[in-house]
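Colleague: First the structure, then my questions, so here it is.
Protein chains: 2
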Amino acid sequence: MKLVLKLSIFFLSALVAAQSDYKQDSTQLRSFYTASLTNGNSYDWLNYLSNKIGGRLAGSEGDKKAVAWGKAELEKLDVDKVWLQAVTVPHWVRGEKEEAYIETQHGKFKVDICALGGSIATPKDGVSAEVIEVQSIKEVEALGEKVKGKIVFYNRPMPAEKIETFRAYGASVGQRYNGARVAGKYGAVGAIVRSMNLKIDRFPHTGVMSYGENTENEKIPTAAISTYDAELLSRFLKEDNIQSKFYFKQTCQNLPDAQSSNVIAEIKGSEFPDEIIIVGGHLDAWDLGDGSHDDGAGIVQSMEVLRLFKTLKIKPKRTIRVVLFANEENGLGGGKAYAAQVEKDNEKHIVALESDSGGFSPRGFGFTCNDENYEHIQQWKPLFEPYNIHIFARGGGGADIGPLKKDNNVLLGLRPDSQRYFDFHHTAADTFDAINKRELELGAATMASMIYLFDKYGIK
Amino acid sequence: MKLVLKLSIFFLSALVAAQSDYKQDSTQLRSFYTASLTNGNSYDWLNYLSNKIGGRLAGSEGDKKAVAWGKAELEKLDVDKVWLQAVTVPHWVRGEKEEAYIETQHGKFKVDICALGGSIATPKDGVSAEVIEVQSIKEVEALGEKVKGKIVFYNRPMPAEKIETFRAYGASVGQRYNGARVAGKYGAVGAIVRSMNLKIDRFPHTGVMSYGENTENEKIPTAAISTYDAELLSRFLKEDNIQSKFYFKQTCQNLPDAQSSNVIAEIKGSEFPDEIIIVGGHLDAWDLGDGSHDDGAGIVQSMEVLRLFKTLKIKPKRTIRVVLFANEENGLGGGKAYAAQVEKDNEKHIVALESDSGGFSPRGFGFTCNDENYEHIQQWKPLFEPYNIHIFARGGGGADIGPLKKDNNVLLGLRPDSQRYFDFHHTAADTFDAINKRELELGAATMASMIYLFDKYGIK
Numbered sequence: 505m506k507l508v509l510k511l512s513i514f515f516l517s518a519l520v521a522a523q524s525d526y527k528q529d530s531t532q533l534r535s536f537y538t539a540s541l542t543n544g545n546s547y548d549w550l551n552y553l554s555n556k557i558g559g560r561l562a563g564s565e566g567d568k569k570a571v572a573w574g575k576a577e578l579e580k581l582d583v584d585k586v587w588l589q590a591v592t593v594p595h596w597v598r599g600e601k602e603e604a605y606i607e608t609q610h611g612k613f614k615v616d617i618c619a620l621g622g623s624i625a626t627p628k629d630g631v632s633a634e635v636i637e638v639q640s641i642k643e644v645e646a647l648g649e650k651v652k653g654k655i656v657f658y659n660r661p662m663p664a665e666k667i668e669t670f671r672a673y674g675a676s677v678g679q680r681y682n683g684a685r686v687a688g689k690y691g692a693v694g695a696i697v698r699s700m701n702l703k704i705d706r707f708p709h710t711g712v713m714s715y716g717e718n719t720e721n722e723k724i725p726t727a728a729i730s731t732y733d734a735e736l737l738s739r740f741l742k743e744d745n746i747q748s749k750f751y752f753k754q755t756c757q758n759l760p761d762a763q764s765s766n767v768i769a770e771i772k773g774s775e776f777p778d779e780i781i782i783v784g785g786h787l788d789a790w791d792l793g794d795g796s797h798d799d800g801a802g803i804v805q806s807m808e809v810l811r812l813f814k815t816l817k818i819k820p821k822r823t824i825r826v827v828l829f830a831n832e833e834n835g836l837g838g839g840k841a842y843a844a845q846v847e848k849d850n851e852k853h854i855v856a857l858e859s860d861s862g863g864f865s866p867r868g869f870g871f872t873c874n875d876e877n878y879e880h881i882q883q884w885k886p887l888f889e890p891y892n893i894h895i896f897a898r899g900g901g902g903a904d905i906g907p908l909k910k911d912n913n914v915l916l917g918l919r920p921d922s923q924r925y926f927d928f929h930h931t932a933a934d935t936f937d938a939i940n941k942r943e944l945e946l947g948a949a950t951m952a953s954m955i956y957l958f959d960k961y962g963i964k
Numbered sequence: 505m506k507l508v509l510k511l512s513i514f515f516l517s518a519l520v521a522a523q524s525d526y527k528q529d530s531t532q533l534r535s536f537y538t539a540s541l542t543n544g545n546s547y548d549w550l551n552y553l554s555n556k557i558g559g560r561l562a563g564s565e566g567d568k569k570a571v572a573w574g575k576a577e578l579e580k581l582d583v584d585k586v587w588l589q590a591v592t593v594p595h596w597v598r599g600e601k602e603e604a605y606i607e608t609q610h611g612k613f614k615v616d617i618c619a620l621g622g623s624i625a626t627p628k629d630g631v632s633a634e635v636i637e638v639q640s641i642k643e644v645e646a647l648g649e650k651v652k653g654k655i656v657f658y659n660r661p662m663p664a665e666k667i668e669t670f671r672a673y674g675a676s677v678g679q680r681y682n683g684a685r686v687a688g689k690y691g692a693v694g695a696i697v698r699s700m701n702l703k704i705d706r707f708p709h710t711g712v713m714s715y716g717e718n719t720e721n722e723k724i725p726t727a728a729i730s731t732y733d734a735e736l737l738s739r740f741l742k743e744d745n746i747q748s749k750f751y752f753k754q755t756c757q758n759l760p761d762a763q764s765s766n767v768i769a770e771i772k773g774s775e776f777p778d779e780i781i782i783v784g785g786h787l788d789a790w791d792l793g794d795g796s797h798d799d800g801a802g803i804v805q806s807m808e809v810l811r812l813f814k815t816l817k818i819k820p821k822r823t824i825r826v827v828l829f830a831n832e833e834n835g836l837g838g839g840k841a842y843a844a845q846v847e848k849d850n851e852k853h854i855v856a857l858e859s860d861s862g863g864f865s866p867r868g869f870g871f872t873c874n875d876e877n878y879e880h881i882q883q884w885k886p887l888f889e890p891y892n893i894h895i896f897a898r899g900g901g902g903a904d905i906g907p908l909k910k911d912n913n914v915l916l917g918l919r920p921d922s923q924r925y926f927d928f929h930h931t932a933a934d935t936f937d938a939i940n941k942r943e944l945e946l947g948a949a950t951m952a953s954m955i956y957l958f959d960k961y962g963i964k
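Those protein sequence lines, which keep their order, are chains R and D. Counting from 1 along the first sequence, just add 504 to a position and that's the residue number in the numbering used here. Counting from 1 along the second sequence, just add 504 to a position and that's the residue number in the numbering used here.
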C-alpha cells in the first residue's frame, strides 16, 4: 500500500511537473512569436543587407561589406563574444553581361542567359555552334563523340508534380552541376542548361557547376538559359525547315582565391557552457539579385534568434551561437572551415540549425539525428500547433552545417513553404520586395522557439 | 469456436476493405494533384478573368462579362447541366478617383484614400474639418456630441501578434463596417478608417460599410486611408505646433438595384443524385484591382474541381455542383438567392465547400458541422499528409454558403496560408501577378480531393 502511494505521488508529481513545463514552454513560445511579429528586427536587418549591400558572392566587395555589417550588428546585441573566423574562398567573377542568341536563316533571336558559377569564359568573340538538345547526362554519354563541336542543350524541366519544390530541384540540378563536365569530355564546345525554375519566365538562374577532373581542353563554357527561352530554342530545333545555331558570349573568370570570414557570436551557457547549439545561414549570395531569400532571410532570422534571447532576457543553460557562414554558394568554404575549427578545439556541438530555404511561411523542420533524439523532439510538436508549424520530418539540415554531423548530435533545417522559392532562386528576381515581413518574422520566432527547447531540455 | 472464426473473418475483411479503400483513395488524390500541377486549367482561367475582365463589382459591366464567361467556360466542360440563377444586386459606383489631403499651416499633404463600398459622396467640393482620432467605436460613443462637425479617424491597427491574419482582420474590421454609422449619429461630417492591412504601405483598402438604420441626415461619407498615410495623419495630430484639418472628396453613388446571376453547373450523381455537394467562390470583385485573390482564385479552383472530375473520368455517386456566386462583397445577394431556391425546391445539400481566402498555398480546411461528421472527416487527414495539408479545424465555411447551414450538413472553407492575404485584399494590388501558379493549383487539387471523399463516403 505504501509503495502504491509512493508510486502515485511520484507519477503525480511527474505529471504536474510535465504540465507546468508545458505551460511555461507554451508561454515562452508565445513571447517569441509576439516579440518577433510586433517588435522584431529581422525585416529591418534584411532591408539593409539587401538594399544597401546587395549581391555578395565570395571574394566580392559585397562579401566584405556583409562580413563587416554582420559583425557590427551582432556586437550591438551585447552578447558575450563576437568574432570573425578566416575562410579562404574561391573568387569567381561574372564579367560583362552575357550575350546570346539563336541564329536562324530568318534572323537572330536574342535570348536571356547567365554564366554558371565556376564556368570559364567563351572565346573573346563568343562561340557559335549547332545545338544538340538532351534530357540528361546519360543521353550525352550515349551520344559520345556525336556531340563534338556542338553545343549541348540540357533541357530537362523540373518535375512539376513533386509537391516539395526542393525535390523537383534535386531531380534536375545534376544537369547544371555536371552538364558541362560531361559534354566537355566528349568534345562539345559549350553547354546550355535550362534554368532550375518551375515557372516559364525570362529569368536565367545561375548556380555552381564543376569541371571535376576535366583537363583544360575539356573545360567548356556553360550558362543557364531562361525557361522561356529554353522552350523557344527547343521549338526551333524541332522545326524541320529552320536551321538554327546557338551563339553565346561570356567573360567570366576564376581569379586566385580570396579571403572571407565566418561571422560568429555567442551567449555563454550558464549550466552547460560546453554544450554548444548553433543557428545560422550563409552570408554570401549570388551576384544577380540581392540574395534576400537565398540566404539573407536565413542570416537575419538567425541573428534575430540571438536578439530575442537577449530582449526577452532568457539566460540559456547551454551556449547559443549564431554563425553567418561564408561561401556556401560556390565552395562551402565557411562550413568546412567552421567544422575544422570545431574539430581542432574539440568543441561539442549538440545541435545545429540552419535556415537556407527562403524567407517564406515556416512549415516546420527536417531533422538529421538518431531515433532516440527524433522521438525526443516529437514531444515538442504540440507546442508549435498554434503557429501552424506541422512538419517534423526526417532528413534535413543545411549545406553549411553538414560537416558538423556526428552520430549523437542533431542537425536540423527550417522548412518554409517551398512553392515560390524557385521563382527567385539564384536570379535577378531574388530581391527584398519578394520578402513578406510576417513570413520572415514567423520563421525567426519558430527558430528561436526550437533553440529554446533544445537549450532547456538538451538532447538524448 | 465457429463464432470466433466468423468474427475474425468479418474483421479481417473489414480491415482488408479499409486498407484497399485507403490505397485507392491515396492513388486518387495523387491523380488530382498530378493533373492539377502538370495539366491544370485554373491558372489560364484566372489569367482571362483577371486580365481580360478585371474588376467586377455587382451591377458593373465587368460583372456581366464575368457571368457570361463563367457560363461559357463551364459549358465547355460537357457536364450535365449549366444554368444561370437571377440575383438582384445593389449597384454602387465609385465615380471619379477620390482626392484627399491633410491641410496644415505648412501646406497640404496629399494622402491616398478610397471610398468604402456603400458610402455616399461628399458634397461636390469635398468636405474639410478638424479630425478626432479614435481607436474604437466605443470611444466615439463616449465622445458623443464632441465629434459634431468633425471628421472621425478610426486608426486601430490590425493586431500583428495574431498568427492567422483573418483573426487580425476580425479584430479590426468593425470600425470599417460600422464606423460611419456611429460617427454619423453623433453629427460627425465624415469618417476615415485605417486600411485593413498589416503592412505599412500606400494602398487604401476598400470594403463594404453600412449605415444601418441611420436617417439621411446621419449618413456621412466614409473612406479608407492607406496605412502609410494613417500613420502620417496620426503623427500630425499629435504635434502640438501643427494645426491640421482633413479634406476629402469622393463622388460615389448608390444607384438603383441591378441584375446579376449565380452561375451553376453540375454533374448528376449516379447513385444518390438527390444528395448535393457544392463547391464555389464568388464571381464579383471590388473595382480597384482585378480580384485575382478575392475571389478569382476561388472561382477558378471551383471550376477546376469539376474539370478534374471530368478529365479523370470520375463518375460521382452524388450530385456535384459548382456555384459561382454573385455579389458577395456588398450584399451577399448570390448566397441568399441560392439558399432561397434550395429551400423552395426542397433540395438536400449535404456538403458546401467555399474557397474565398486567396489563392495561396493550401494548408487545410475549417469545418462547420456536428461532432459526428467532424470525427468522420478526421479519418481522411492522413490521406492529405503527403500534400502538406494539415489543418482540419473547427469553424469555417464562407459567406456565400453560410445560408445553407443545417444541423446535419457540412460547410467547409479552404484555408490557404493567410500571411500575405491582407497585402492585397480589396486593393489595387490584388492583381494576377500576385498569384503563384503552383499554389493556386495545389488549392484546386486539395478541394477536388475533399469533394471526392465526401462524394465517395457521404456524411453521417
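Positions of the beta carbon are idealized from the N, C-alpha and C atoms, including for glycine.
Around the Cβ of D:Asp-778, are there at least 16 other Cβ atoms within 10 angstroms (buried) or fewer (exposed)?
Modeller: On the second sequence, position 274 is the one that residue 778 of chain D refers to. D:Asp-778 is exposed by the Cβ-count criterion.
Colleague: Tell me, which residues are paired with R:Leu-857 by DSSP?
Modeller: In the first sequence, residue 857 of chain R corresponds to position 353, counting from 1. In DSSP, R:Leu-857 forms a bridge with R:Val-783, R:Leu-916.
Colleague: Taking the C-alpha atoms as reference points, what is the distance between D:Ser-554 and D:Asp-799?
Modeller: For the purposes of this step, residue 554 of chain D is identified with residue 50 of the second sequence, where counting begins at 1. For the purposes of this step, residue 799 of chain D is identified with residue 295 of the second sequence, where counting begins at 1. Computed Cα separation, rounded: 10 Å.
Colleague: Could you name each continuous beta strand (DSSP E) segment of 3 residues or more that falls completely within the region 748-797 of chain D, going from the start of the chain to the end?
Modeller: If we require 3 residues or more, the beta strand (DSSP E) runs fully inside the region 748-797 of chain D come out as 748-753, 757-771, 776-786.
Colleague: Helix, strand or coil, according to DSSP, for R:Ala-664 in the structure here?
Modeller: Working through the first sequence from its first residue, we reach residue 664 of chain R at position 160. Note: R:Ala-664 maps to coil in three-state DSSP.
Colleague: Among the residues of its own chain, which have a CB less than 7 Å from the CB of R:Ser-530, if the five just before and after it don't count?
Modeller: Within the first sequence, the letter at position 26 stands for residue 530 of chain R. Within the same chain, R:Ser-530 has close Cβ partners Leu-887.
Colleague: Please find out if some non-hydrogen atom of the ligand COA comes closer than 8 Å to the beta-carbon of D:Ser-765.
Modeller: The ligand COA is absent from the structure shown, which contains no ligands of any kind.
Colleague: Please name the residue in R:Lys-941, R:Asp-849, R:Arg-942, R:Asp-761 whose C-alpha comes closest to that of R:Pro-594.
Modeller: Along the first sequence, read from residue 1 onward, the residue named residue 594 of chain R stands at position 90. The shortest Cα separation from R:Pro-594 among R:Lys-941, R:Asp-849, R:Arg-942, R:Asp-761 belongs to R:Asp-761.
Colleague: Under a Cβ-count criterion, where at least 16 other Cβ atoms within 10 Å of its own Cβ denotes burial, should R:Asp-788 be classed as buried or exposed?
Modeller: Counting from 1 along the first sequence, the entry for residue 788 of chain R is found at position 284. When all chains shown are included, R:Asp-788 counts as buried.
Colleague: Could you check whether R:Glu-945 and R:Glu-858 sit closer than 9 Å to each other, using their CB atoms as the reference points?
Modeller: The residue you call residue 858 of chain R lines up with position 354 of the first sequence. The residue you call residue 945 of chain R lines up with position 441 of the first sequence. No, Cβ-Cβ distance for R:Glu-858 and R:Glu-945 is not below 9 Å.
Colleague: Going by other Cβ atoms of all chains shown within 10 Å of its Cβ, with 16 needed for buried, is R:Leu-918 buried or exposed?
Modeller: Taking the first sequence and counting its residues from 1, the one referred to as residue 918 of chain R is at position 414. Label assigned to R:Leu-918: buried.
Colleague: Identify which residue in D:Phe-936, D:Gly-622, D:Val-571 has its Cα closest to the Cα of D:Gln-757.
Modeller: The count along the second sequence starts at 1 and reaches residue 757 of chain D at position 253. Selected option, being the one with the closest Cα: D:Gly-622.
Colleague: Taking three-plus beta-carbon pairs below 8 Å as touching, is the region 549-569 of chain D in contact with the region 772-786 of chain D?
Modeller: Too few Cβ pairs lie closer than 8 Å, so no.
Colleague: Which whole runs of the alpha helix (DSSP H) in the region 505-588 of chain R are 4 residues long or more, in chain order?
Modeller: Entirely contained in the region 505-588 of chain R, the alpha helix (DSSP H) runs reaching 4 residues are, in chain order, 506-543, 546-552, 565-580.
Colleague: What's the gap between the Cα of D:Leu-828 and the Cα of D:Lys-817?
Modeller: Taking the first residue of the second sequence as 1, we reach residue 828 of chain D at position 324. Taking the first residue of the second sequence as 1, we reach residue 817 of chain D at position 313. Roughly 23 Å separates the two Cα atoms.
Colleague: May I have the straight-line CA-CA distance separating R:Ala-804 from R:Ala-604, to the nearest angstrom?
Modeller: Within the first sequence, the letter at position 300 stands for residue 804 of chain R. Within the first sequence, the letter at position 100 stands for residue 604 of chain R. Residue 804 of chain R is actually Val in this sequence, not Ala. Roughly 37 Å between the two C-alpha positions.
Colleague: Let me see if you follow: with CB-CB separation under 9 Å, is R:Ala-801 close to chain D or not?
Modeller: Within the first sequence, the letter at position 297 stands for residue 801 of chain R. Closer than 9 Å: no.
Colleague: Tell me, please, whether the region 836-849 of chain D touches the region 600-618 of chain D by the rule of three or more beta-carbon pairs shorter than 8 Å.
Modeller: Short answer: they don't touch.
Colleague: Where does D:Phe-823 fall in DSSP's three states?
Modeller: What you label residue 823 of chain D is simply residue 319 of the second sequence in a count that begins at 1. For clarity, residue 823 of chain D is Thr in the given sequence; the question names Phe instead. If DSSP states are grouped into helix, strand and coil, D:Thr-823 belongs with the strands.
Colleague: Would you mind reading off the limits of the beta strand (DSSP E) that contains R:Glu-607?
Modeller: Residue 607 of chain R sits at position 103 when you count from the first residue of the first sequence. 603-608 is the span of the beta strand (DSSP E), which, as asked, contains R:Glu-607.
Colleague: Please tell me whether D:Ile-881 has its Cβ less than 9 Å away from any Cβ of chain R.
Modeller: Sequence index remark: in the second sequence, residue 881 of chain D carries index 377 (1-based). No, no contact with chain R.
Colleague: Quick one: Cα of D:Leu-647 to Cα of D:Glu-743, how far?
Modeller: Taking the first residue of the second sequence as 1, we reach residue 647 of chain D at position 143. Taking the first residue of the second sequence as 1, we reach residue 743 of chain D at position 239. Their backbone Cα atoms lie some 21 Å apart in a straight line.
Colleague: Please confirm whether D:His-894 has its beta-carbon closer than 9 Å to some beta-carbon of chain R.
Modeller: The residue given as residue 894 of chain D occupies position 390 in the second sequence. True, the Cβ-Cβ gap to chain R drops below 9 Å.
Colleague: Under the rule that 16 or more other beta-carbon atoms within 10 Å means buried, what is D:Leu-519, buried or exposed?
Modeller: Along the second sequence, read from residue 1 onward, the residue named residue 519 of chain D stands at position 15. Under this definition D:Leu-519 is an exposed residue.
Colleague: Determine whether the beta carbon atoms of D:Tyr-891 and R:Ile-513 lie at a separation below 9 Å.
Modeller: The sequence position of residue 891 of chain D within the second sequence is 387, counting from 1. The sequence position of residue 513 of chain R within the first sequence is 9, counting from 1. No. Outside cutoff.
Colleague: Quick one: complete beta strand (DSSP E) runs, 3+ long, within the region 864-940 of chain R?
Modeller: Whole beta strand (DSSP E) segments, 3+ residues: 866-872, 895-898, 914-920.
Colleague: What is the C-beta distance between R:Val-697 and R:Ala-664, in whole angstroms, given that I count them as a contact (C-beta under 8 Å)?
Modeller: Working through the first sequence from its first residue, we reach residue 697 of chain R at position 193. Working through the first sequence from its first residue, we reach residue 664 of chain R at position 160. Contact flag wrong, Cβ pair sits at about 18 Å.
Colleague: Would you tell me roughly how many angstroms separate the C-alpha atoms of R:Val-767 and R:Val-586, rounded to the nearest one?
Modeller: Within the first sequence, residue 767 of chain R is the residue found at index 263, counting from 1. Within the first sequence, residue 586 of chain R is the residue found at index 82, counting from 1. About 8 Å.
Colleague: I'd like the ranges of any beta strand (DSSP E) spanning at least 3 consecutive residues and lying wholly in the region 619-680 of chain R.
Modeller: Segments of the beta strand (DSSP E) lying fully in the region 619-680 of chain R: 631-638, 655-658.
Colleague: By DSSP, does R:Phe-829 sit in helix, in strand, or in coil?
Modeller: As a working note, residue 829 of chain R is residue 325 in the first sequence. Strand.
Colleague: If you pair each beta-carbon of the region 730-747 of chain R with each one of the region 710-720 of chain R, do three or more pairs fall below 8 Å?
Modeller: No: fewer than three Cβ pairs fall under 8 Å.
Colleague: Skipping 5 residues on each side, what residues in its chain have a beta carbon closer than 6 Å to that of D:Lys-612?
Modeller: If you number the second sequence from 1, residue 612 of chain D lands on position 108. So the qualifying residues of the chain are Tyr-605.
Colleague: Taking 9 Å as the cut-off, decide whether the C-beta atoms of R:Ala-856 and R:Ala-562 are in contact.
Modeller: Position 352 of the first sequence holds residue 856 of chain R. Position 58 of the first sequence holds residue 562 of chain R. No, the pair does not count as a contact, with Cβ atoms beyond the cut-off.
Colleague: Could you check the C-alpha separation between R:Tyr-547 and R:Gly-574 for me, to the nearest Å?
Modeller: Along the first sequence, read from residue 1 onward, the residue named residue 547 of chain R stands at position 43. Along the first sequence, read from residue 1 onward, the residue named residue 574 of chain R stands at position 70. If I take the Cα positions, the gap works out to 14 Å.
Colleague: Could you have a look at D:Val-591 and say whether DSSP puts it in helix, strand or coil?
Modeller: If you number the second sequence from 1, residue 591 of chain D lands on position 87. If DSSP states are grouped into helix, strand and coil, D:Val-591 belongs with the strands.
Colleague: Mind checking the region 657-675 of chain D against chain R and listing, in chain order, the residues whose C-beta falls within less than 9 Å of any C-beta there?
Modeller: Listed in sequence order: Pro-663, Ala-664, Glu-665, Lys-666, Ile-667, Glu-668, Thr-669.
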